[in-house]
Amino acid sequence: MKPSPKFTFLALLTFVSSILAVSSAGAAATSYYNNCGAASVVRPSSITEYCADAGAGVINIKWSSWMTTSAKGAGTFYINSCTPTCVSGKVYRTRANVVLSGLTNTHGKNYLMRVTVKPAGAKYYFWPKGKSAPTSVTWTTDLWRG
610 MKPSPKFTFL ALLTFVSSIL AVSSAGAAAT SYYNNCGAAS VVRPSSITEY CADAGAGVIN
670 IKWSSWMTTS AKGAGTFYIN SCTPTCVSGK VYRTRANVVL SGLTNTHGKN YLMRVTVKPA
730 GAKYYFWPKG KSAPTSVTWT TDLWRG
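My numbering applies: residue 610 is where the sequence shown begins, and numbers increase by one.
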């Protein structure tokens with residue numbers, strides 16, 4: 610016995626509606642990060658703290674989770690000593706864990722705006738001499754192009 614055309618149409622309509630509902634829900638739940646006014650991205654491989662000279666940030670990030678309200682990953686934190694100048698300063702690097710949080714909806718998208726970076730497996734960062742090393746580095750990104 611063949612299903613009636615009306616039944617087939619209703620079954621197809623129900624199936625397509627359920628796919629669209631799931632797709633819409635997934636799209637609404639996506640959060641982005643915007644690095645120094647560049648394009649909005651999901652799971653960036655690097656983030657920068659000082660946009661003017663890129664003097665500090667996290668590179669080679671591997672994300673272990675990326676959710677609507679937070680993201681967690683690990684990479685290499687770097688900071689330029691800028692001694693004697695930023696062009697010739699020594700760059701210090703430390704393996705670090707990074708957490709994005711501070712969900713903000715702007716320009717029609719969700720953005721994770723707060724960055725927290727902590728050394729991985731060490732108590733402190735490798736840090737420029739003469740400056741006390743913090744146990745974590747935190748900043749809020751405020752530049753984006755939606």
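Using N, Cα and C, we set each Cβ at its ideal position, and we do this for glycine too.
For Tyr659, no beta strand (DSSP E) run applies, since DSSP gives it neither H nor E. The C-beta distance from Tyr734 to Thr703 rounds to 4 Å, short enough to meet the 8 Å contact threshold. Minimum Cα-Cα distance from Asp662 among the listed residues Ser741, Asn689 and Ala729 corresponds to Asn689. With distances taken between CA atoms, Ser649 lies nearest to Thr715 out of Thr715, Phe686, Pro737 and Cys695.
Annotation note: the region 660 to 702 contains the following uninterrupted beta strand (DSSP E) runs of length 3 or greater, listed N- to C-terminal: 665 to 675 and 680 to 689.
By the neighbour-count definition (other C-beta atoms within 10 Å, threshold 16), Gly684 is a buried residue.
Here Trp748 has Glu658 and Val724 as same chain residues with Cβ atoms under 7 Å from its own Cβ, once five neighbours each way along the sequence are excluded.
In terms of Cα proximity to Ser654, the closest of Gly646, Ile670 and Trp675 is Ile670.
Between Asn706 and Gly682, the CB-CB gap stays under 9 Å.
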